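S.K.: Chains as they are written, first to last, in the numbering used here: chain A, 1 to 231; chain B, 1 to 231; chain C, 1 to 231; chain D, 1 to 231. One structure coming up, written as structure tokens, with questions to follow.
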């Protein structure tokens, strides 16, 4: 389990793609050999075939659908709102319709508030005409945000106690609240996720999850990730 | 434009599927005839063919991918969280990373709070052991929720004014806040959406959108919707 | 490996969905519990939860995306043409662009030719006005088909020997020729495949593959398949 | 209608994406503005916004899902086998289960047989050790292929006349036989199709269809295609 942000994590559950040979990328190579039937001369070694598939332009992408991974993630709702726009993944998320959400909320660090975390995405930054951030105002925002979270939680708990339906009591929950889900997809689509979410234009928060995910992928699929990282 | 809930709406933007004949369902029928090449005797009339395709078990579903619709929706974030789990639709939603969200928030009516709106979904209701809802407590919740919304908005506006990045200032926004998006998919997938979201187990709020959507579909694709409603 | 038709087979390569508990359907149950967080009272046993998810209307389908299976299939091209219309599966098929296809061709049995194999699909049967099939004419067709296959193979081999590009020499290959592929998808989508291809309206040939696949699924995911078979 | 190969064609049926403004790319721009709410300063003109969306890395791809096109194609089965591997398109193809296929078959030209049509795909070419193609041998192949097609058609017609089920009589049909389908998808996915099928590594035959499709797209969506062509 890798800790991410102040209360989040990402955790590997299961991988597949070991094929008949039982090694990490065997399923990918065996699927690819299905297409080529050994017609590509000189590919004595699996590594060469894998590199050819991954690096050819356009990529031979379908063999990378023959491996995959299930993970569990705890992240703020605002991160899940971006994550779940990826329509090739499978999701099961805890539901506030069914069960009260635990009181965990994301408070950005002073460092994050000061620096915009190196994002190159101008649109996501402060409104034009505002002053550059200072440590004092960053601390002020953290305290103010914490109070707003506490007030929302107070409303939520009172509403539940007063018999408001769970699916309605949740209206006041802020998008900084943590939720949890399992996600599953193929290695092809995990790579696509990294490409989009480990990008400097992506929000810094989801990039922390993408970076932690990449580490898990490096452990699970070392050969493919070596090719991915070398791109 | 159809009003939904207290500040939401759903609005038709564009349809397709008129095919060469230019009538609402022509594209579906022409696509189906592509497969059958007139081999199904006795289908002198388009209506008969359409009914056969729609009602056969399993359904001949692919012709219904040859028509579709773009809509615009304004709905609370909690509704969009359910809606966007449908992975066969295309979405473009306004982004609080780029632009401050307008201060529109969903407050359930007393009637809705009292009755659980006829939902058969026990899990989504009040916590066990709580008292049945009364008008007084419903009114109390509405007032309490309004204050929580106002406090969140206050934090949000102050944060923006103090130079906090838009993508971080939004942490305090509650999931009852309205957002807006365009959504597009084929008639096959709009029907699947209705089946899941116009169901008594679905949350009452998204069912109001599904009902409004069904009305739009009845105007745009009358023959298909007659079959859908007769199921 | 299960033999199907005269030269085909279907073979299990790999399954996933064992989750943390390591038993066949653990991944499905753990994903579902992610959503419900134990809120569904009375589900002391996993089997009860699984049955609820599978049988509720509409189905709670997403947990069944957290298990899956890779298989290898050898089947006539005409079967693959139907199979690959399922767009939620991943495929890698041997390619006649890259490698000459082995000379294996499907010849329907006399029994199959005589009986239309119990298909309820009138459109797929003999042209109107033709005589009922006899054993003699069934044998005649088998012999005629075998000669046509042999002539096609002769053209193919001569063309390859004369230096015609593999991707063009293949023009003469009949759709009764066997090809081979790997296919991968989630349990949800394998069930959808069975529903459509184990149906009396589906062509008898692909139904043989669907039946063999169902047997593999029964061995790999016994609890889910018990629910599937009981529907 | 654009003629492709010896008996094929591609034909535009219908487009969408005109949005409220009714001009070709209005739907794309309106969907994009939904996300940005005018936050991108300096984009006074639609053309600038469109270029930014299309050319940014990674691409802002979802607005291009708000326009699309239905086409009708007649092509050899071997081309459809490659085409239908694109899983984001909708298809309805004529079915030899339901209706005898017309006797139209693809015979490559001498020029095509001689030159490998400039393909850079070595694997798809002639077997190693064979002689370079000559006009004489190209003509020989064309004649031989025509005879093989005629023999297959003869078997097919006799089988149909003798009462063999249509779905079985078709076993002898070669993959060079023409079939016909309608296909529909969004502009985003049509562009992805062009990228893969207008590539020098793709088979020359499908590249002819991709080129004809690109021309249709240039007429229907001139601004987007100008950006596509400039990449």
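The beta carbon of each residue, even a glycine, is placed where N, CA and C say it ideally should be. Just so it is clear, the structure is predicted and the values come from calculations on it, not from any experiment.
#1: Exposed or buried, what is residue 219/B when buried is set at 16 or more other beta-carbons lying within 10 Å of its beta-carbon?
#2: Between the C-alpha atoms of residue 75/C and residue 140/C, what's the straight-line distance to the nearest angstrom?
#3: Is residue 16/B close to chain D, meaning its C-beta is less than 7 Å from at least one C-beta of that chain?
#4: Does the separation of the CB atoms of residue 126/C and residue 22/D fall below 7 Å?
#5: Decide if residue 24/A is buried, meaning its Cβ has at least 16 other Cβ atoms within 10 Å, or exposed.
#6: Give the C-beta separation of residue 68/C and residue 195/C to the nearest angstrom, bearing in mind that I take them to be a contact with Cβ-Cβ under 8 Å.
#7: Just reading off the beta strand (DSSP E) that residue 261/D is part of, what are its end residues?
#8: Anything in chain A within Cβ reach of residue 198/C, meaning under 9 Å, just list it in chain order.
#9: Does the separation of the CB atoms of residue 169/D and residue 156/D fall below 7 Å?
#10: Is there a Cβ from chain C that is less than 7 Å from the Cβ of residue 58/B?
#11: With a CB to CB cut of under 6 Å and the five nearest residues on each side skipped, what residues in its chain are close to residue 142/B?
#12: Between residue 17/A and residue 171/B, which are expected to be in contact by the criterion C-beta below 8 Å, what is the C-beta distance as a whole number of angstroms?
#13: Taking only the alpha-carbon atoms, compute the straight-line gap between residue 66/B and residue 187/B and give it to the nearest angstrom.
#14: Would you decide whether residue 133/B is buried or exposed? Buried here means 16 or more other CB atoms lie within 10 Å of its CB.
#15: Evaluate residue 45/D with the Cβ neighbour count: other Cβ atoms within 10 Å of its Cβ, from every protein chain shown; 16 or more gives buried, anything less gives exposed.
#16: In the DSSP assignment, the beta strand (DSSP E) including residue 139/C goes from what residue to what residue?
#17: Quick one: any contact between the stretch 77-88 of chain C and the stretch 75-87 of chain D, if contact means 3 or more CB pairs under 8 Å?
#18: DSSP beta-bridge partners for residue 180/B?
#19: Assuming residue 90/A is part of the beta strand (DSSP E), what are its boundary residues?
#20: Per DSSP, which residues does residue 105/C bridge with? Please list them.
#21: Which residues in chain D sit within 7 Å of residue 82/B, going by Cβ to Cβ distance?
#22: Please name the residues in the stretch 174-208 of chain C whose beta-carbon is closer than 7 Å to at least one beta-carbon of chain B, in chain order.
#23: Just how far apart, CA to CA, sit residue 146/B and residue 5/B?
#24: As a quick exercise: from 225/A, 124/A, 213/A, 231/A, pick the residue whose alpha carbon is nearest that of residue 11/A.
#25: Starting from the C-beta of residue 2/A, find all residues in its chain whose C-beta is less than 8 Å away, skip the five residues before and the five after it, and write them out in chain order.
#26: Report the option in 200/C, 202/C, 192/C, 100/C whose CA atom is closest to the CA atom of residue 225/C.
#27: First and last residue of the beta strand (DSSP E) that includes residue 65/D?
#28: So which residues on chain D does residue 111/C lean against when the C-beta distance must stay under 9 Å?
#29: Using beta carbons (cut-off 7 Å, strictly below), is residue 133/D in contact with chain C?
#30: Just the Cα atoms here: how many angstroms apart are residue 95/B and residue 111/A?
#31: Select from 148/B, 231/B, 71/B the residue whose C-alpha is nearest the C-alpha of residue 15/B.
#32: For residue 228/D and residue 221/D, what's the separation of their Cα atoms in angstroms?
#33: Thinking just about the alpha-carbon of each residue, which of 183/B, 57/B, 154/B, 102/B is nearest to the one in residue 27/D?
#34: Taking residue 110/C as part of the beta strand (DSSP E), name the residues at either end of that continuous run.
#35: Check whether the Cβ atoms of residue 167/D and residue 97/D lie closer than 7 Å to each other.
#36: Starting from the beta carbon of residue 155/A, find every residue of chain B whose beta carbon is closer than 9 Å, and list them in chain order.
M.R.: On the basis of the coordinates in this document:
#1: exposed
#2: One C-alpha to the other measures close to 23 Å.
#3: yes
#4: Cβ distance not < 7 Å, so residue 126/C and residue 22/D don't count as in contact.
#5: buried
#6: Incorrect: roughly 17 Å between the Cβ atoms, too far for contact.
#7: Lying before the first or after the last residue shown, residue 261/D is absent from chain D, which here runs from 1 to 231.
#8: Near residue 198/C there are no residues of chain A at all, since even the closest Cβ is about 24 Å away, more than 9 Å.
#9: yes
#10: yes
#11: 107
#12: Between residue 171/B and residue 17/A the Cβ distance is about 37 Å, and since that is not below 8 Å, they are no contact.
#13: 8 Å
#14: By the 10 Å Cβ count, residue 133/B comes out buried.
#15: exposed
#16: Unbroken run through residue 139/C is the alpha helix (DSSP H), 135-161; no beta strand (DSSP E).
#17: yes
#18: 74/B
#19: 90-93
#20: 177/C
#21: Simply none; closest approach about 19 Å.
#22: Residues of the stretch 174-208 of chain C with a Cβ closer than 7 Å to any Cβ of chain B, in chain order: 195, 196, 199.
#23: If you take the alpha carbons of residue 146/B and residue 5/B, they lie about 15 Å apart.
#24: 213/A
#25: 9, 10, 11, 212, 215, 216
#26: 192/C
#27: Segment: none, residue 65/D is in no beta strand (DSSP E) and carries neither H nor E.
#28: Simply none; closest approach about 12 Å.
#29: yes
#30: 24 Å
#31: 71/B
#32: 11 Å
#33: 183/B
#34: Careful: residue 110/C lies outside any beta strand (DSSP E), inside the alpha helix (DSSP H) at 110-115.
#35: yes
#36: 141, 144, 145, 147, 148
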